[in-house]
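Residue numbers (the working numbering): 831 to 1066.
See the structure below:
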């Protein structure tokens, strides 16, 4: 976590410091292990994959369901984490609205998403899933990639989760942007550092892309993390 966003833990700690207990919803499996939530945490997880839920050993409660349509109780959770999940949803804006409804007043929504307006984001969006599996297996060395409900998963990367769209969503849904961090994915950095030829080719492609798109497409800011705090108990 610190490798991706050195400030995220301190931002989280500040926003929950007055809460003695936390009820946390993890959208997708494994995401909450990236943050230290504290000892007094009741952790709920929702996932479409029964296998993923079975692999998660830290949950107090498991929900087999679709975050886009699941009927969560209103004002139920202190924290909701969407960590590398929204890019895999066909209608991520519905999932976000559902999460916002389920947050308590002053609850926080933590979102980690690839930047669709980056070179990596666009390559991911417009290349086939089997290419993603190949990259994970033969570039990143994850031999079980794509097997038995393991990453990578099918990716949609809708424009509704671009950095600008997330900030617009927050503005229209009673959410304050407490933290917003754009960065280059550490895995991409390590790949470029290990392979000078890839690094050189990437820099050339990045320069050309940035020039042709008048700076709209970035090669280095591949991902972002947002922390949003709910300011009203009712949803819009």
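Built from N, CA and C at the ideal position, the CB exists for glycine as well.
Predicted, not measured: the structure shown is a model, and the values here were computed from it.
Three-way DSSP call (helix, strand, coil) for residue i in this model
{"i": "residue 928", "result": "helix"}
{"i": "residue 986", "result": "coil"}
{"i": "residue 977", "result": "coil"}
{"i": "residue 1031", "result": "helix"}
{"i": "residue 840", "result": "helix"}
{"i": "residue 1037", "result": "helix"}
{"i": "residue 917", "result": "helix"}
{"i": "residue 954", "result": "helix"}
{"i": "residue 972", "result": "coil"}
{"i": "residue 1042", "result": "helix"}
Distance, residue j Cα to residue i Cα
{"i": "residue 940", "j": "residue 838", "result": "10 Å"}
{"i": "residue 1004", "j": "residue 1057", "result": "13 Å"}
{"i": "residue 1026", "j": "residue 911", "result": "36 Å"}
{"i": "residue 1064", "j": "residue 1035", "result": "Residue placement at residue 1064 is poorly supported in this model, since its pLDDT is 49, which falls under 50; the coordinates are not used for a value here."}
{"i": "residue 1087", "j": "residue 905", "result": "Beyond the ends of the chain as shown, which are 831 and 1066, falls residue 1087; an answer cannot be given."}
{"i": "residue 956", "j": "residue 967", "result": "19 Å"}
{"i": "residue 1013", "j": "residue 1049", "result": "10 Å"}
{"i": "residue 1066", "j": "residue 1037", "result": "Reliability of the predicted coordinates at residue 1066 is poor, the pLDDT of 43 falling under 50, and no value is obtained from them."}
{"i": "residue 935", "j": "residue 994", "result": "24 Å"}
{"i": "residue 840", "j": "residue 916", "result": "24 Å"}
{"i": "residue 1044", "j": "residue 962", "result": "28 Å"}
{"i": "residue 951", "j": "residue 987", "result": "8 Å"}
{"i": "residue 1028", "j": "residue 1039", "result": "16 Å"}
{"i": "residue 1144", "j": "residue 1054", "result": "The displayed coordinates of the chain run from 831 to 1066. Any statement about residue 1144 would go beyond what the structure contains."}
{"i": "residue 937", "j": "residue 883", "result": "24 Å"}
{"i": "residue 812", "j": "residue 879", "result": "The question about residue 812 has no answer here: the residues shown for the chain are numbered 831 through 1066."}
{"i": "residue 1061", "j": "residue 926", "result": "15 Å"}
{"i": "residue 992", "j": "residue 913", "result": "15 Å"}
{"i": "residue 1024", "j": "residue 1051", "result": "19 Å"}
{"i": "residue 1033", "j": "residue 894", "result": "43 Å"}
{"i": "residue 889", "j": "residue 980", "result": "19 Å"}
Beta-bridge pairing of residue i - partner residues as DSSP gives them
{"i": "residue 1048", "result": "948"}
{"i": "residue 1056", "result": "941, 1010"}
{"i": "residue 912", "result": "857, 941"}
{"i": "residue 852", "result": "871"}
{"i": "residue 892", "result": "875"}
{"i": "residue 1005", "result": "1060"}
{"i": "residue 933", "result": "907"}
Segment limits, alpha helix (DSSP H) that includes residue i
{"i": "residue 884", "result": "880–885"}
{"i": "residue 901", "result": "It is not in any alpha helix (DSSP H) - residue 901 carries neither H nor E in the DSSP assignment."}
{"i": "residue 836", "result": "Unbroken run through residue 836: none, as it is neither H nor E."}
{"i": "residue 847", "result": "Neither: residue 847 is in no alpha helix (DSSP H) and is coded neither H nor E."}
{"i": "residue 1016", "result": "1016–1024"}
{"i": "residue 807", "result": "Limits of the chain in this structure are 831 at one end and 1066 at the other, which puts residue 807 out of reach."}
Unbroken beta strand (DSSP E) run spanning residue i, endpoints
{"i": "residue 877", "result": "871–877"}
* How do the stretch 1007–1016 and the stretch 834–851 stand: do at least 3 beta-carbon pairs fall below 8 Å, yes or no? -> yes
* Are the stretch 946–953 and the stretch 972–979 in contact at 8 Å, needing three or more beta carbon pairs? -> no
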